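In this note's numbering, the protein residues as written are 3 to 288. Ideal Cβ placement from N, Cα and C applies to all residues, glycine included. No experiment lies behind these values; they were computed from the predicted model shown.
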């Protein structure tokens, strides 16, 4: 899928006479300055707060913790994190390039949900169009399956049956897991139906994981932090981020007030309740 889409982008760039031709077309349309200005999307606060917190989103990311678990030692884990950062930067650059090419090649009124499909249809021969779309759906399904499994595992082991020995005491683990999987999947379908804009939905999902940052950073570096504060911040941040994403004008910036509220709740509850016994253990682990 990546190869076919990259080929389509390369073909479109070649048709325009290189990247300089893309820039010329966008300048002629009067869209270049708007597209390269980061403040146009949601303002300066979104940009700088997004950079500051976005750099930390790797902390609660499941794929990074999977790499840590699979690493044979700390050096291998550090190397995996470093290459993850490099690859993420390359994918961000590819997404920017794809967006600029699409802006130059497609009509300005093309719906954001249709851009990738329209670009594939325009640039690739018929046989490769089907291959690219099938590959795209395969990538989407693979990502959705991974997120579904992680969500069910967290609900089962860390929330509903948290505690030593509780998970082993479930009479029918397979049946319970299936019911949870159905429930989480249906919830995802309902959310996607209510929020049909892909960009806004991705923002909500991405920054939803950002609601874990106060708990993760506080738990690692603040001795006063405790599990009650972590749970309270998550219970406030997640619903607030989700709810505000449906408010007109806040579709792409809902995470900002939600993250602020989650941080405030985390600090307040940590100061109001005694620290957990595990705080000294963190110090020992360091």
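Secondary structure of residue 248 (DSSP, three-state): coil. Around the beta carbon of residue 216, a 10 Å sphere encloses 16 or more other beta carbons of the protein chains shown; the residue is thus reported as buried.
Spanning the alpha carbons of residue 244 and residue 19 requires a straight line of approximately 43 Å. If you look at residue 35, you'll find it in the alpha helix (DSSP H) that goes 34 to 38.
The C-alpha of residue 114 lies about 17 Å from the C-alpha of residue 196.
Counting every other CB atom within 10 Å of its CB across the protein chains shown gives residue 147 a total below 16, marking it as exposed.
For residue 80, the enclosing alpha helix (DSSP H) covers residues 76 to 107.
Residue 231 places its beta carbon 8 Å or farther from that of residue 202.
Contact check for residue 246 and residue 237: beta-carbon distance about 15 Å, past the 8 Å limit, so the pair fails to qualify. In this model, residue 30 and residue 40 are separated by some 20 Å (Cα to Cα).
For the pair residue 233 and residue 186, the CB atoms are not nearer than the 8 Å cut-off. Note that the region 48 to 57 does not touch the region 126 to 145; fewer than 3 beta-carbon pairs, one per stretch, sit closer than 8 Å. Contact annotation: residue 120 and residue 102 have beta-carbon atoms that are not nearer than 8 Å.
Going by DSSP, residue 147 is part of the alpha helix (DSSP H) stretching over 128 to 156. Within the model, the alpha-carbon separation for residue 50 versus residue 87 is close to 19 Å. Cβ-Cβ distances below 8 Å link residue 63 to 211 in the same chain, with the five nearest sequence neighbours on each side left out; the list follows chain order.
For residue 180, the enclosing alpha helix (DSSP H) covers residues 175 to 196.
In summary, residue 139 is exposed, with fewer than 16 beta-carbon neighbours lying within 10 Å of its beta-carbon over all protein chains present.
Here residue 14 is buried, its C-beta having at least 16 other C-beta atoms within 10 Å.
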